[in-house]
Amino acid sequence: MKRVYLDYAATTPLHPEVKQEMMEALDGTYGNPSSIHSFGRESRKLLDDARSIAARSIGADFSSIIFTSGATEANNLAIFGVARAYAHRGKHIITTQIEHHAVLHPMEELQKEGFEVTFLPVDESGIVSVEAVEEALRPDTIFVSIMRVNNETGMRQPIEAIGERLKEHQAIFHTDAVQAYGLEKLDVTSFNVDLLSVSSHKIYGPKGIGFLYRNDDVHLAQQIFGGEQERKWRSGTENMLGIRGFTKAIELLEKEQNERLMHYEKLSKQFFKGLNDFSIDYHLNGTREEHMPNILNISFPGVEVEMFLTNLDLEGIAVSSGSACTAGSIDPSHVLKAMYGEENDRLYNSIRFSFGIETSDEDIQFCVEKISKILNRLIPSNTRG
Amino acid sequence: MKKPEDTRVVVGMSGGVDSSVTALLLKQQGYDVVGIFMKNWDDTDEFGVCTATEDYEDVARVANQLDIPYYSVNFEKQYWDKVFTYFLDEYKAGRTPNPDVMCNKEIKFKAFLDHAMGLGADYLATGHYARVNEIDGQAQMLRGVDSNKDQTYFLNQIPKEILPRLMFPLGELDKSEVREIAKKHDLATATKKDSTGICFIGERNFKEFLSEYLPAKPGEMQTLDGEVKGKHDGLMYYTIGQRQGLGIGGAGDPWFVIGKNLEENILYVGQSFDNEALYSDSLEAVHLNWLTDIDLSEPIECTAKFRYRQEDYAVRVIVDSDKDQANVIFKEPQRAITPGQAVVFYDGDRCLGGGTIDRAFKDGKQLTYLA
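Residue numbers (full-length UniProt numbering), protein chains in the order written: chain S, 1 to 385; chain P, 1 to 371.
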């Protein structure tokens, strides 16, 4: 059966060149970068090269990169690391209602530890305002964590302006840039951020690797104790295979970023045109402005999301909705809830389509045709196609 | 007639051995099998553990073994509104509800059937021990061949119009054969324990569970003559004919629950299993449902079950179609007829339909305490 993968925001396949690099890495040196002998030095050199490339990709210094097992760990390190290091200055933290669970759940843990967390709302377009951050700021605010691009809607948050505003405040500023990393040139200086998390498997690199950028002036309470790798911020022998694949993915990203973005814009236009051609009733969740073209979160009035998703998969189309709960059932999206309120139908009829470098025009056409076919079966009255 | 590979069968998979084997058998017959796990109840405990998660993992393991797609669907809201609310209301009214019958009627063979049809299914299959066979051009429900496991009792309220769309592959098998098939194919659920009791209560203490939802009103235990024999914990905790948990000691025959007085909050008890007060000779059934075309203008001579896993008894059923109720007259007096439970009618192996027991009578007089 023909299958079309449109869930690149969940994870991406390995880029062929990344795979090649990792195959070579498997045959290469296996020394421990911490060892003093020649085997260790060989690995240390590769690690240093990787760190330089990672740092350069976000306009940061060599020493500011902490490799982690991925963005979830990077976010946990940022959140618990800052909260526990700066608790003596205050116990107030600001974040948003639309963060990934890898930020929201650590924040909820901090609440249990006695921190006060403000979860800022967003407007209907899914964007948090600089004013809202300003109003929430207090003298005892020690930490602000706001994502760059939302993983469900593709809506970009005004990180530069928030960072600018926070310059005069003691609060440490963190951004989860997982979705943004593959789409725009990130620059920690223009962002005015102290901490930034990214992940490899969203940019065609391997799973199990990511990094946290840490401005030299920021202290973090250690979260993992051991051999004091990564300048003690992340103990544990380095995942060299992952780091080498990740580095290759970063290099490819720098080379191909503009081209990829143009590709996503073309696909996104084609997708909307297809929906219109089939007279499908839909609404984009979010707005066309400040929107990343590789993620389309679309509401289909009259459908029920579990039924729709299952039908799409049975037709070979892999997409997602909300966040999968453990028993496989779908919880309404907390992001759409923040945008439209608890009662809105969009919480129960929205699907996220996300495109990648391998997505073709034919894939989009195939997908739109299947959507039309399924909708005609489920709600014959709602489509004219 | 569609070829099996073009025929989509949605299988309700619970993560148990029965539905696992159901999916296996249909896959072996070449059907386009889709497994769906239904989540009807949120049983997340104080440690955040949810048995539905484990069950879904078992569905995933079996589905992967069979190489079939699997999904889940959430009917928690429908289950709460249609099944659990009814369950509590019946207990509040002093009756003994049958949530499995209601679940089949409202969820599995209504909401879930609709879901399956929305997925382009030609058939819905479940692991019930029952059969649907075509007799004289009409789809009929028959007992499962394993008389000990037959589950037609729980299926009595489903509409007959949907029978042609149902498949019960286990209806032709004994439970022991089902286990054997699962073992032979090394299914992940082959040695999994069968679930017992009411699905949403699971292994938990029934009294404790009910007390979370309904206030318990303790009161007196009395004989029909008014002699006080002790205290009860709340009428809802007791079922007609029950022996356990009364705590009445002393010499003579053991004590049984023989009735309830809801107004005065009295639990009636009497001595001996065969206590005369427990016997009735007819009952009135409501919410009638027929699984076959049947002439209701004449009395129906058939057999009936008044509770699950009970033998059949000969009855005569006189239906009052206008009032949607029936008078069921027993050949022999019956013990512990329990309002709220189902009465299900059979003609040989054929399940004719059933209803809900509303009232019981002895010599034309209603047994008012049999609630």
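Just so it is clear, CB atoms sit at the ideal spot from N, CA and C, and this is done for glycine as well. Remember, predicted model here, so these are calculated numbers, not experimental data.
Checklist entry - Taking Cβ-Cβ distances shorter than 7 Å, what residues in chain S pair up with P:Gly-245? => result Near P:Gly-245 there are no residues of chain S at all, since even the closest Cβ is about 34 Å away, more than 7 Å.
Checklist entry - Under three-state DSSP, which class holds S:Asn-215? => result coil
Next on the checklist: Suppose you measure from the CA of S:Asp-331 to the CA of P:Arg-165; what does that come to, to the nearest Å?
Outcome noted: Between the alpha carbons of S:Asp-331 and P:Arg-165 lies a distance of about 30 Å.
Checklist entry - Can you list the residues of chain S that P:Tyr-79 reaches, using a CB-CB cut of under 9 Å? => result Within 9 Å Cβ-Cβ: nothing; P:Tyr-79 doesn't reach chain S, min ~12 Å.
Next on the checklist: Three or more C-beta pairs under 8 Å: does that hold for the stretch 337 to 346 of chain P against the stretch 98 to 106 of chain P?
Outcome noted: yes
Item to check | Collapsed DSSP secondary structure at S:Arg-51 in the structure displayed | outcome: helix
Item to check | Beta-carbon proximity of P:Ile-158 to P:Phe-84, cut-off 8 Å | outcome: no
Next on the checklist: Just to confirm my understanding: we take P:Asp-122, look at its own chain, exclude 5 residues before and 5 after, and list those with CB closer than 8 Å. What are they?
Outcome noted: Lys-2, Thr-7, Arg-8, Val-9 and Arg-165
Item to check | Status (buried if at least 16 other CB within 10 Å, exposed otherwise) for S:Ile-162 | outcome: buried
Item to check | Bounding residues of the beta strand (DSSP E) (the contiguous stretch that carries P:Val-49) | outcome: Run containing P:Val-49: none; DSSP gives neither H nor E here.
Checklist entry - Do P:Arg-295 and P:Thr-303 have their CB atoms nearer than 8 Å? => result Per the sequence shown, the amino acid found at residue 295 of chain P is Asp instead of Arg. No; because the gap between Cβ atoms is not below 8 Å, this pair is not in contact.
Checklist entry - Is DSSP giving P:Glu-284 helix, strand or coil here? => result Strand, per DSSP.
Checklist entry - Where does S:Ile-243 fall in DSSP's three states? => result helix
Item to check | P:Asp-32: CB within 7 Å of a non-hydrogen atom of the ligand MG | outcome: Only the bare structure without any ligand can be found here, which leaves the ligand MG out of the picture.
Next on the checklist: I'd like the ranges of any alpha helix (DSSP H) spanning at least 4 consecutive residues and lying wholly in the stretch 193 to 250 of chain P.
Outcome noted: Listed in chain order, they are 206 to 213.
Checklist entry - By DSSP, does P:Val-269 sit in helix, in strand, or in coil? => result strand
Next on the checklist: The alpha helix (DSSP H) that contains residue 419 of chain S, what's its start and end?
Outcome noted: For residue 419 of chain S there is no data in the structure shown, the boundaries of chain S being 1 and 385.
Next on the checklist: Would P:Leu-173 and P:Val-145 qualify as a contact pair, given that the criterion is a beta-carbon distance under 8 Å?
Outcome noted: yes
Checklist entry - Using a Cβ cut-off of 8 Å, which residues of the stretch 358 to 380 of chain S contact any Cβ in chain P, in chain order? => result Arg-377 and Leu-378
Item to check | Residue burial classification, P:Asn-64 (beta-carbon count within 10 angstroms, cutoff 16) | outcome: exposed
Checklist entry - From the beta carbon of P:Val-73, is the nearest beta carbon of chain S less than 8 Å away? => result yes
Checklist entry - Comparing the C-beta of P:Leu-283 with each C-beta of chain S, is any distance below 8 Å? => result It does not: the Cβ of P:Leu-283 has no partner Cβ on chain S nearer than 8 Å.
Checklist entry - Pick from P:Glu-76, P:Lys-217 and P:Ile-240: whose alpha carbon is nearest that of P:His-232? => result P:Lys-217
Checklist entry - Alpha carbon to alpha carbon, what distance is there between S:Glu-362 and S:Thr-383? => result Only weak support exists for where S:Thr-383 lies, its pLDDT of 44 falling under 50; the value from the coordinates is given anyway. Spanning the two alpha carbons is a distance of roughly 22 Å.
Next on the checklist: Can you pull the chain S neighbours of P:Pro-69, defined as C-beta to C-beta under 7 Å?
Outcome noted: Asp-313 and Leu-314
Checklist entry - When the Cα atoms are used, what is the spatial distance from P:Lys-105 to P:Leu-155? => result 7 Å
Item to check | P:Gly-355, DSSP secondary structure in three states | outcome: strand
Checklist entry - Around the C-beta of P:Glu-264, are 16 or more other C-beta atoms found within 10 angstroms, so that it is buried, or is it exposed? => result exposed
Checklist entry - Is the CB of P:Asn-275 under 8 Å away from at least one CB in chain S? => result no
Item to check | Candidates S:Ser-235, S:Glu-251, S:Asn-285 and S:Val-193, of which the one nearest S:Ala-50 by Cα | outcome: Cα-wise, what sits closest to S:Ala-50 is S:Glu-251.
Next on the checklist: Does P:Ile-135 come out as helix, strand or coil in the three-state DSSP assignment?
Outcome noted: strand
Next on the checklist: DSSP three-state label for S:Arg-44, please.
Outcome noted: In this structure, DSSP gives S:Arg-44 a helical state, which the three-state scheme calls helix.
Item to check | Nearest neighbour of S:Ile-58, chosen from S:Ser-320, S:Glu-343 and S:Ala-177 [CA to CA] | outcome: Minimum Cα distance to S:Ile-58 is reached at S:Ala-177.
Item to check | Residues near P:Ile-337 by beta carbon distance below 7 Å, same chain, minus five either side | outcome: Taking C-beta separations shorter than 7 Å and ignoring five residues to either side along the sequence, the partners of P:Ile-337 in its chain run Ser-280, Leu-283, Phe-306, Ile-357, Ala-360 and Leu-370, following chain order.
Item to check | chain P contact residues for S:Glu-306, given Cβ-Cβ distances below 7 Å | outcome: Val-73 and Asn-74
Next on the checklist: Can you tell me whether residue 391 of chain P is buried or exposed? The criterion is at least 16 other CB atoms within 10 Å of its CB, across all chains shown.
Outcome noted: Residue 391 of chain P lies beyond the stretch modelled for chain P, which goes from 1 to 371, so this question has no answer here.
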